[in-house]
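**Q** Okay, handing you the structure first.
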Amino acid sequence: MAFMSRSRLLIEARHRAQQILGSLRAALGNTTLHDLVVLAAFFGGAHGLLLLDYAPRWDGWLIYHRIQDRDWPVLFAAFRALGIPAFAYLHYLVGQLPYFLFWFKFTTFLSLLTATLITYHLLGDFPAAIGRADRLLLCMLLATFPANLVHIELIMMPFAVCYACFFVAAAVYRRSIRSEGTPRILTRLLALGLFYFSFMMQSLLVFYAVFLLYAIVTWPGRADGAGARLIAFLKRHADFIALPLLYWGVRAVWFRPFGEYEGYNAFQHRLASVVGDWALALYGGLVVPLARSVHEIRQLPAVALVVLAAVLLLRPLWASAQWERQGRLVMLGFGLVCVGLLPYVVVGKYPAPSDPWVSRFAYLVPPGAAFLVYGSLKWYLSFIGAPRYVIMTAASLIAAAFATANIANYLTFGIDGLKQEA
Numbered sequence: 006m007a008f009m010s011r012s013r014l015l016i017e018a019r020h021r022a023q024q025i026l027g028s029l030r031a032a033l034g035n036t037t038l039h040d041l042v043v044l045a046a047f048f049g050g051a052h053g054l055l056l057l058d059y060a061p062r063w064d065g066w067l068i069y070h071r072i073q074d075r076d077w078p079v080l081f082a083a084f085r086a087l088g089i090p091a092f093a094y095l096h097y098l099v100g101q102l103p104y105f106l107f108w109f110k111f112t113t114f115l116s117l118l119t120a121t122l123i124t125y126h127l128l129g130d131f132p133a134a135i136g137r138a139d140r141l142l143l144c145m146l147l148a149t150f151p152a153n154l155v156h157i158e159l160i161m162m163p164f165a166v167c168y169a170c171f172f173v174a175a176a177v178y179r180r181s182i183r184s185e186g187t188p189r190i191l192t193r194l195l196a197l198g199l200f201y202f203s204f205m206m207q208s209l210l211v212f213y214a215v216f217l218l219y220a221i222v223t224w225p226g227r228a229d230g231a232g233a234r235l236i237a238f239l240k241r242h243a244d245f246i247a248l249p250l251l252y253w254g255v256r257a258v259w260f261r262p263f264g265e266y267e268g269y270n271a272f273q274h275r276l277a278s279v280v281g282d283w284a285l286a287l288y289g290g291l292v293v294p295l296a297r298s299v300h301e302i303r304q305l306p307a308v309a310l311v312v313l314a315a316v317l318l319l320r321p322l323w324a325s326a327q328w329e330r331q332g333r334l335v336m337l338g339f340g341l342v343c344v345g346l347l348p349y350v351v352v353g354k355y356p357a358p359s360d361p362w363v364s365r366f367a368y369l370v371p372p373g374a375a376f377l378v379y380g381s382l383k384w385y386l387s388f389i390g391a392p393r394y395v396i397m398t399a400a401s402l403i404a405a406a407f408a409t410a411n412i413a414n415y416l417t418f419g420i421d422g423l424k425q426e427a
């Protein structure tokens with residue numbers, strides 16, 4: 006009996022081992038999983054130093070001292086006056102953890118990584134225009150475009166969470182329109198809730214127009230003619246269309262900034278300076294980061310070469326890139342950059358090269374910059390007759406340059422943090 010029992014156990018163990026090996030083979034053969042792992046590794050290489058930075062800076066000192074002193078009433082009062090009390094709860098929750106400085110940085114890191122991976126997922130809805138290699142490179146450029154230099158700041162953590170929630174909400178919406186019955190209702194409500202929370206980063210109220218455009222293009226509903234389809238879409242998405250208006254109304258009635266924050270982020274009626282503000286915003290949010298990338302390659306050539314070598318490992322996928330209608334990527338990218346800067350320009354704020362702290366006003370530039378840079382590169386080099394392998398190598402070099410600029414930025418702040426501790 007003991008021999009038979011032992012044999013049965015061996016057979017069951019062998020069967021389970023075969024199942025595990027089969028699952029591993031399936032996972033390794035899953036191209037989507039493979040690409041997500043590649044993106045996560047690239048993101049970790051570019052932003053991993055964020056997790057090693059434990060020094061507060063700028064307004065982050067206010068958060069640091071409130072948490073250290075357990076002065077929660079002052080923390081909550083400050084964010085109530087600012088009109089976003091939910092941010093105080095985020096700071097409070099993360100501040101309860103031991104070694105809270107690490108968890109602040111980890112939350113930011115995970116949020117930005119989540120947004121990157123979900124973007125890869127969403128771009129899969131356009132296979133005719135964006136191939137597998139295009140999706141990977143676009144997401145690499147999006148994840149590393151060096152416009153916002155202050156992800157290391159404690160007070161920026163809730164903004165990263167809102168940013169991630171925006172992309173998660175888009176993915177949940179995508180699932181809802183492909184579901185039926187109760188799952189359809191639940192995922193729809195979840196998407197609405199996530200979008201509502203993301204609007205606490207108020208610039209996303211404007212960027213929400215990009216989601217509505219995505220929803221119109223990918224909505225599987227059918228109707229005779231473009232006009233009839235648009236009307237049907239509007240009827241089926243009245244809740245999504247009304248959501249930013251609802252948020253704005255609730256905020257205007259119950260969460261209006263007061264005290265020292267009264268008038269914070271109020272519209273600036275300066276029509277005479279609009280053109281100048283736009284020029285400065287585009288310069289600080291788009292041109293300066295590109296120049297920064299070139300500069301950092303010269304400063305850290307060894308790092309740039311290592312990152313480039315890693316990105317060039319994707320060469321077997323280059324054949325999957327799409328080469329038609331690159332002009333559309335350029336126009337889409339420029340439009341996204343303008344939408345990303347608009348909510349800051351209308352309140353008189355824009356990134357400036359002389360002050361890293363105001364680079365946060367370029368928070369929403371990377372998605373558009375990725376499309377603009379990648380589309381422009383492919384269009385121009387194709388126009389002058391460059392071979393496709395040269396074009397893809399150039400795109401890989403740009404991704405390496407952006408990643409190097411991020412690494413250099415974290416090193417700069419890391420050295421500053423060590424000086425603070427000394």
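Position one of the sequence shown corresponds to residue 6 (my numbering), numbered consecutively onward. Note that CB positions come from ideal geometry on N, CA and C, so glycine has one too. This one's a predicted model, so the numbers in the text were calculated from it and none came from an experiment.
1. Would you mind stating whether residue 177 and residue 116 have Cβ atoms separated by less than 9 Å?
2. How many Å lie between residue 107 and residue 58 at the Cα?
3. By the 10 Å Cβ neighbour count, where 16 or more other Cβ atoms means buried, how is residue 263 classified, buried or exposed?
4. Where does residue 257 land, buried or exposed, given buried means 16+ other C-beta within 10 angstroms?
5. If you follow the alpha helix (DSSP H) that residue 349 is part of, which residue opens it and which one closes it?
6. Which residues in the same chain have their Cβ closer than 8 Å to the Cβ of residue 141, if we skip the five residues on either side of it in sequence?
7. Would you kindly check if the distance between the Cβ of residue 298 and the Cβ of residue 120 is under 9 Å?
8. Rank 85, 398, 197 and 149 by C-alpha distance to the C-alpha of residue 373 and give the top, closest one.
9. Do you know how far the Cα of residue 301 is from the Cα of residue 71?
10. Within this structure, are the beta carbons of residue 248 and residue 197 separated by less than 9 Å?
11. Could you have a look at residue 360 and say whether DSSP puts it in helix, strand or coil?
12. So, for residue 342: in the same chain, excluding its five sequence neighbours on each side, which residues have a beta-carbon less than 8 Å away from its beta-carbon?
13. Counting Cβ pairs closer than 8 Å, one from the segment 361–370 and one from the segment 154–174, do we hit at least three?
14. Is it the case that the segment 129–146 contacts the segment 386–403, given that we only count it when at least three CB pairs across the two stretches are under 8 Å?
15. Express the C-alpha separation of residue 73 and residue 328 in angstroms, rounding to a whole number.
16. Under a three-way DSSP split, which group does residue 304 fall into?
17. Below 8 Å, can you find three or more Cβ-Cβ pairs linking the segment 184–202 to the segment 218–232?
18. Assign residue 261 to one of two classes, buried (16 or more other C-beta atoms within 10 Å of its C-beta) or exposed (fewer than that).
19. If you draw a straight line from the alpha carbon of residue 379 to that of residue 221, how long is it in whole angstroms?
20. Out of curiosity, what's the CA-to-CA distance linking residue 212 and residue 251?
21. Cutting at 6 Å between CB atoms, please list the residues of its own chain near residue 143, excluding the five before and the five after it.
22. Helix, strand or coil, according to DSSP, for residue 244 in the structure here?
23. Where does residue 354 sit, in a helix, a strand or coil, going by DSSP?
24. I need the DSSP call for residue 400, collapsed to helix, strand or coil.
25. With a 10 Å radius around its C-beta and 16 neighbouring C-beta atoms as the bar for buried, classify residue 293 as buried or exposed.
26. Report yes or no: do the segment 408–423 and the segment 46–65 share at least 3 C-beta pairs separated by less than 8 Å?
27. Exposed or buried, what is residue 171 when buried is set at 16 or more other beta-carbons lying within 10 Å of its beta-carbon?
28. Quick check on residue 314: buried or exposed, where buried means 16 or more other Cβ atoms within 10 Å of its Cβ?
29. When DSSP labels each residue in this structure, what does residue 136 get in the three-state scheme?
30. Using only CA atoms, which one of 105, 66 and 112 lies nearest to residue 52?
31. Drop a sphere of 10 angstroms on the beta-carbon of residue 326, count the other beta-carbons inside from all chains shown, and report buried for 16 or more, exposed for fewer.
32. At which residues does the alpha helix (DSSP H) containing residue 179 begin and terminate?
33. Taking the alpha carbon of residue 5 as the reference point, which residue from 151, 118 and 184 has its own alpha carbon closest?
34. If we ignore side chains and look at the alpha-carbon of each, how far apart do residue 184 and residue 241 end up?
35. Report the three-state DSSP secondary structure of residue 155 (helix, strand or coil).
**A** On the basis of the coordinates in this document:
1. No; because the gap between Cβ atoms is not below 9 Å, this pair is not in contact.
2. 8 Å
3. Classification for residue 263: exposed.
4. exposed
5. Annotation: the continuous alpha helix (DSSP H) that includes residue 349 extends over 331–350.
6. 40, 43, 44, 125, 319 and 322
7. Their beta carbons are not under 9 Å apart, which means residue 120 does not touch residue 298 by this criterion.
8. 149
9. Computed Cα separation, rounded: 36 Å.
10. With respect to the 9 Å criterion, residue 248 and residue 197 are classified as neighbours on the basis of their beta carbons.
11. strand
12. 287, 290, 291, 370, 373, 374 and 377
13. yes
14. yes
15. 54 Å
16. helix
17. no
18. exposed
19. 24 Å
20. 16 Å
21. Hits under 6 Å: 375 and 379.
22. helix
23. The answer is coil: DSSP assigns residue 354 none of H, G, I, E or B.
24. Here residue 400 carries a helix assignment [DSSP, helix/strand/coil].
25. buried
26. Enough Cβ pairs lie closer than 8 Å, so yes.
27. Buried, because 16 or more other Cβ atoms sit within 10 Å of the Cβ of residue 171.
28. exposed
29. coil
30. Checked all of 105, 66 and 112; the closest Cα to residue 52 is 112.
31. So residue 326 ends up on the buried side.
32. 162–181
33. This structure cannot speak to residue 5, because the chain is shown only from 6 to 427.
34. Between the C-alpha atoms of residue 184 and residue 241 there is a straight-line separation of about 15 Å.
35. In the displayed model, residue 155 falls within coil according to three-state DSSP, outside both helix and strand.
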